[in-house]
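Written below as structure tokens is the structure these notes are about.
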Amino acid sequence: MMLQQGKFVSTDRAVLHRSSADAEIYFIVNASDSCLDKEYAFKRAAKAVPELWDAYGGVIMKPARWRKQNDSVYVRLALHPHESMFVVLPKTAERKYQKAKEYLVEKTRYEAIEGDWDVEFCPKLLPSFEMTLEKLVDFSTSDDERIKYFSGTAVYRNKFTVSKKQLAGKKRFLLDLGRVNDIVEVRINGEHSVVLWYPPYQADVTDYIHEGENHIELHVTNNWANRLIGDEQYPADFEWGDDRGERGHAMKSFPDWFLKNQERPEKNRIGFSIWYYHRKDSPLQPAGLCGPVRLVEQYLDN
């Protein structure tokens, strides 16, 4: 509830600041395609003990790197491309928290997950079909209309090998999925690992991999937009109402075939909505797993 109260003090692309009776709340985002390691200064906050709020994990942590100087608090954040974080400066007494983990990585090794990807396409209202991809592609660029206008869940399967030597020592293994559109469930060797829905699309798979052959299964789900745009390539089997431009256009009334529970006249139209925002020439959204997919091997110092 605290994040819904108070008033906005300032907004820009990188920092959103809201003030409430309980705290000063900052939402910080790295909007670039590069990693960011930066110290942020929060003025007139010398009495506050900063907190990092992880909205995904539901955890409140004390920053690993922060300091006080004069009337300001300085917090250093390391953010992956397009990653974001809440920094909260409470106005009340210090609360209990977990200290943020900070791994001291001595060396990082990247290994591309190569080979063919077996992909099972599971559209919500159409029959499933399978395909083998030699490389990962954006579905919206395909010449196959089943893929170009696909909306639903696509299940990607591949495998990789881990040696006994790789598992030796103090290490952490991440599965870096690169670019994902839009949500992905990660399964390693048949076990559910994590659901990722915002960058960076990285899963800690240390506890799921083993020596020898390991199997990846990625359930990637995109939104409904491309399917609706695909529908607009075919004649409407209902009557349009007023066209309101960017605000969309409505169905004038329910068609008889719908009211009488009859077979749909236009077989190529899959979706059905009373209000449409997409047109025949609307730009398609990137879809599917674009990668690159890599196994990240981190050598830890602590």
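Counting along the sequence shown from 1, when you hit position 6 you're at 20 in my numbering, and nothing is skipped either side. Even glycine gets a Cβ: it sits at the ideal position worked out from N, Cα and C. On a predicted model such as this, the values are computed, not experimentally measured, just so you know.
Buried or exposed by the 16-neighbour rule on C-beta atoms within 10 Å, applied to residue i
| i | result |
| --- | --- |
| residue 127 | buried |
| residue 305 | buried |
| residue 321 | Lying outside 15 to 316, the shown extent of the chain, residue 321 is not represented and no answer is given. |
| residue 229 | exposed |
| residue 19 | Here the model assigns residue 19 a pLDDT of 45, short of 50, so the residue's position is not dependable and the matter cannot be decided. |
| residue 102 | buried |
| residue 161 | buried |
| residue 217 | buried |
| residue 268 | exposed |
| residue 282 | exposed |
| residue 224 | exposed |
Residue i (DSSP reduced to helix, strand or coil)
| i | result |
| --- | --- |
| residue 258 | coil |
| residue 240 | helix |
| residue 158 | coil |
| residue 272 | helix |
| residue 299 | coil |
| residue 123 | strand |
| residue 228 | strand |
| residue 76 | strand |
| residue 280 | coil |
| residue 264 | strand |
| residue 59 | coil |
| residue 285 | coil |
| residue 54 | strand |
Boundaries (first-last residue) of the beta strand (DSSP E) holding residue i
| i | result |
| --- | --- |
| residue 251 | Unbroken run through residue 251: none, as it is neither H nor E. |
| residue 104 | 98–104 |
| residue 70 | It is not in any beta strand (DSSP E) - residue 70 carries neither H nor E in the DSSP assignment. |
| residue 86 | 86–93 |
| residue 217 | 216–218 |
| residue 293 | Run containing residue 293: none; DSSP gives neither H nor E here. |
| residue 310 | 308–314 |
Any non-hydrogen atom of the ligand ATP within 8 Å of residue i CB
| i | result |
| --- | --- |
| residue 173 | No copy of the ligand ATP appears in this structure; indeed no ligand is present at all. |
At least three beta-carbon pairs within less than 8 Å, the stretch 179–195 to the stretch 140–148: No, they do not touch.
I want to know whether the stretch 31–44 touches the stretch 56–64 - three or more CB-CB distances under 8 Å. yes
Counting beta carbon pairs with one atom in the stretch 162–169 and one in the stretch 227–240, are three or more of them shorter than 8 Å? Yes, since at least three Cβ pairs between the stretch 227–240 and the stretch 162–169 fall closer than 8 Å, the two stretches touch.
What ranges does the beta strand (DSSP E) occupy inside the stretch 24–51, keeping only unbroken runs of at least 3 residues that lie completely in it? List check, beta strand (DSSP E) in window: 29–33 and 37–43.
Between the stretch 242–257 and the stretch 196–209, do at least 3 Cβ pairs fall closer than 8 Å? no
Completely contained beta strand (DSSP E) runs for the stretch 129–210, where each covers 3 or more residues: 131–137, 143–147, 166–176, 185–190, 193–195, 197–202 and 205–210
Does the stretch 235–249 touch the stretch 297–304, meaning 3 or more C-beta pairs lie closer than 8 Å? Counting Cβ pairs under 8 Å, three or more are found: they touch.
Stretch-stretch touch, CB-based, cutoff 8 Å, three pairs: the stretch 132–140 with the stretch 271–280: no
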